[in-house]
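Let me begin by presenting the structure, written as structure tokens, before commenting on it.
Protein chains in written order, with the working numbering: chain A, 1 to 338; chain B, 1001 to 1194.
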């Protein structure tokens, strides 16, 4: 009885200690950033840059990094072009290696390069970036993001976890430049190509969709399917809503759930789209071919070529030996008891 | 006998005291109390992300067959503090891959952060709630996924996106080698045209 009480009180105490440790280890962030808005900011209520600029001029943009931690930190400041993710989302924090062919002014390459900034403990620092504007006027908007990432502090925890995860915090401040106060550019959707593709070990048919104009495309809705050429049977039917496309960008719209690869043959992609709450409509069809190599490649991964046959053989061997040993022991025991 | 009851009482007291200690700490770290009501925009404060979940998948051994790990523990929600800015905000997350110790092998895993529940820090928060998608899949390609979004005019004050352990899973495709893997999740708070 006494022992039980001891154990109980110890358990309560220990569990409290456990809870306390978790609180102490909680991953929290100790810095913030701000867009310091200049006089040519169109709307002063915004928390990102929306600047009216002039051709040929150099625009300075200022970012304030506020380090509230008790130790000094380093921050990387980079500028990226706005792009569209394959999920149909506006992305501000990825490097765009191959900008869309329709892009006239690349904001990322026109802005001063990566800066590493050290901000002392409990201090704020202003970081100036310079954007060189082209001599020729650009249409619509130039859109990008200024990405601020705090260097990870190396605290390699010794652990026995099979998958361990560390967190890092970043901020992105949008930067939108325009040369006319009123924007009249309308979005335009194009279907650039259709082909079978493997993404993250899964098979899809992808439609490469492009917004060829210098304006954000909101509320993009896509309704699409594939048919075998000469057939009406709808394969890989996919509908997706609420997508947003960056100005002058493209992305791979995936059809199907990845579970089934198309057999070798000729197909047609049918795609209907609308944007800005149905204000704009588009309709496309595109023929494409699944060839032997493409189909084979997709099929190999589908049937799990990753099966480790050596392991299967070893495991099989071990099981056979185990069964033999058990049978032998049983036989021996039976003989003994006789 | 009496001594043991005393120990138990101490344990129970500790149980109640600890969360209070934890809260006090988070107020200090945020440098921002919500005690004052200030209707003017505070020009000296920013929209901040102050915490993100630390996810622990435990010590289950990774084998060559496909498997799904469920989170053992999650210690924090995603927390965004907005001092009253109306231009909206968005939190995305990406992973730099699930690599082994030498960095040569990638698991090809996908982290699922499903069922995120936007919750105001204060129940009386009147602003339009931010939203969280019911399913979020983060693969190791570095592509960002939206996890927590406040539209224009929404998400004022302090909001958290809370996850329960059963909704956070890691899908591992077949063919993995038994090893320990690490990933770095980057949680990005974006202020930009939506």
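C-beta atoms are modelled at their ideal positions from N, C-alpha and C, and glycine is treated no differently.
CB residue 129 of chain A to CB residue 1087 of chain B, shorter than 8 Å?
Contact: no.
Let's see if you can read the secondary structure: which residues bound the beta strand (DSSP E) around residue 1125 of chain B?
Element bounds for residue 1125 of chain B: n/a, residue is neither H nor E.
Whose C-alpha, out of A:278, A:206, A:291, is nearest the C-alpha of residue 253 of chain A?
Nearest Cα to residue 253 of chain A within the set A:278, A:206, A:291: A:206.
With 8 Å set as the bound, which would you pick, yes or no: does the beta-carbon of residue 1187 of chain B sit closer than that to a beta-carbon of chain A?
Taking CB atoms only, residue 1187 of chain B has a neighbour in chain A less than 8 Å away.
Boundaries (first-last residue) of the beta strand (DSSP E) holding residue 216 of chain A:
Per DSSP, residue 216 of chain A lies in no beta strand (DSSP E) and is assigned neither H nor E.
Compare the Cα-Cα distances from residue 1128 of chain B to each of B:1159, B:1104, B:1141, B:1115 and report the closest residue.
Measuring from the Cα of residue 1128 of chain B, the nearest candidate turns out to be B:1159.
Would you identify the three-state DSSP class for residue 46 of chain A, choosing helix, strand or coil?
If DSSP states are grouped into helix, strand and coil, residue 46 of chain A belongs with coil.
Just to make sure I have the definition right: I need the residues of chain B whose C-beta is within less than 9 Å of the C-beta of residue 176 of chain A. Which are they?
Within 9 Å of the CB of residue 176 of chain A, the CB atoms of chain B belong to 1192, 1193, in sequence order along the chain.
On the CB-based measure, 16 or more other CB atoms within 10 Å of its CB, does residue 1193 of chain B come out buried or exposed?
Residue 1193 of chain B counts as buried, since no fewer than 16 other beta carbons sit within 10 angstroms of its beta carbon.
Residue 1134 of chain B versus residue 1115 of chain B: straight-line alpha-carbon distance, rounded:
Inter-residue distance for residue 1134 of chain B and residue 1115 of chain B is about 5 Å (C-alpha atoms, whole angstroms).
Would a C-beta distance cut-off of 8 Å place residue 1186 of chain B and residue 145 of chain A closer than the cut-off?
In this structure, residue 145 of chain A does not lie closer than 8 Å to residue 1186 of chain B by Cβ.
Going by Cα to Cα distance, which pick from A:143, A:285, A:60, A:184 is closest to residue 38 of chain A?
Of A:143, A:285, A:60, A:184, the residue nearest in Cα terms is A:60.
Outcome for residue 131 of chain A when other beta-carbon atoms lying within 10 angstroms are tallied against a minimum of 16
Result: buried.
Residues of the region 70-98 of chain A with Cβ closer than 8 Å to any Cβ of chain B, in chain order
Cβ contacts with chain B: 82, 85, 86, 87, 89, 90, 91, 92, 93, 94.
Expressed to the nearest angstrom, what Euclidean distance is found between the alpha-carbon atoms of residue 1055 of chain B and residue 90 of chain A?
Distance between the alpha carbons of residue 1055 of chain B and residue 90 of chain A is about 27 Å.
Closest Cα partner of residue 1062 of chain B within the set A:210, A:250, A:164, A:291
Residue A:164 is the option with its Cα nearest to residue 1062 of chain B.
Proximity test, Cβ basis, 8 Å: residue 316 of chain A and chain B
So, not an interface residue.
From the DSSP secondary-structure annotation, give me the bridge partner or partners of residue 73 of chain A.
Note: residue 73 of chain A sits in a beta bridge opposite A:119.
Residue nearest to residue 1072 of chain B in terms of C-alpha spacing, selected from B:1175, B:1178, B:1170:
Taking only the C-alpha atoms, the option nearest residue 1072 of chain B is B:1170.
Using 8 Å as the Cβ pair cut-off and three pairs as the minimum, do the region 108-116 of chain A and the region 276-286 of chain A touch?
Pairwise C-beta distances place the region 108-116 of chain A out of contact with the region 276-286 of chain A, as fewer than three of them are shorter than 8 Å.
Chain-ordered chain A contacts of residue 1087 of chain B [CB-CB under 8 Å]
Scanning chain A for C-beta atoms nearer than 8 Å to the C-beta of residue 1087 of chain B yields 45, 46, 47, 48, reported in chain order.
When Cβ atoms are compared, which residues of the region 1048-1067 of chain B fall closer than 7 Å to chain A?
Cβ proximity to chain A below 7 Å picks out 1048, 1049, 1050, 1051, 1052, 1054, 1055, 1056, 1057, 1058, 1059, 1060, 1061, 1062, 1064 from the region 1048-1067 of chain B.
First and last residue of the uninterrupted beta strand (DSSP E) at residue 65 of chain A
Where residue 65 of chain A is concerned, the enclosing beta strand (DSSP E) stretches over 58-67.
Assign residue 1094 of chain B to one of two classes, buried (16 or more other C-beta atoms within 10 Å of its C-beta) or exposed (fewer than that).
Buried.
Taking the beta strand (DSSP E) that residue 1161 of chain B belongs to, which residues open and close that run?
In this chain, the beta strand (DSSP E) harbouring residue 1161 of chain B covers 1157-1162.
Tell me, to the nearest whole angstrom, how far the beta carbon of residue 1117 of chain B is from that of residue 1079 of chain B; I am working on the premise that it is less than 8 Å.
Distance from residue 1117 of chain B to residue 1079 of chain B at the Cβ level is roughly 13 Å; contact not present, criterion being Cβ atoms closer than 8 Å.
Do you know offhand how far residue 81 of chain A's Cα is from residue 1143 of chain B's?
Between residue 81 of chain A and residue 1143 of chain B, the C-alpha separation is close to 15 Å.
Given this structure, state the Cα-to-Cα distance separating residue 106 of chain A from residue 117 of chain A, to the nearest angstrom.
Annotation: residue 106 of chain A to residue 117 of chain A spans about 24 Å, alpha carbon to alpha carbon.
Stretch pair the region 47-56 of chain A + the region 164-178 of chain A: three plus CB contacts closer than 8 Å:
These segments touch.
According to DSSP, is residue 329 of chain A part of a helix, a strand, or is it coil?
If DSSP states are grouped into helix, strand and coil, residue 329 of chain A belongs with the helices.
Reference residue 223 of chain A; option with closest CA among A:285, A:291, A:211
The residue with the shortest Cα to Cα distance from residue 223 of chain A is A:285.
Which same chain residues end up closer than 7 Å to residue 202 of chain A when comparing Cβ atoms and leaving out the 5 residues on each side of it in sequence?
These residues qualify, in order along the chain: 258.
Would residue 1113 of chain B count as contacting chain A if we go by Cβ distances under 8 Å?
Judged by the 8 Å Cβ criterion, residue 1113 of chain B is not in contact with chain A.
Select from A:87, A:94, A:280, A:167 the residue whose C-alpha is nearest the C-alpha of residue 29 of chain A.
Cα-wise, what sits closest to residue 29 of chain A is A:167.
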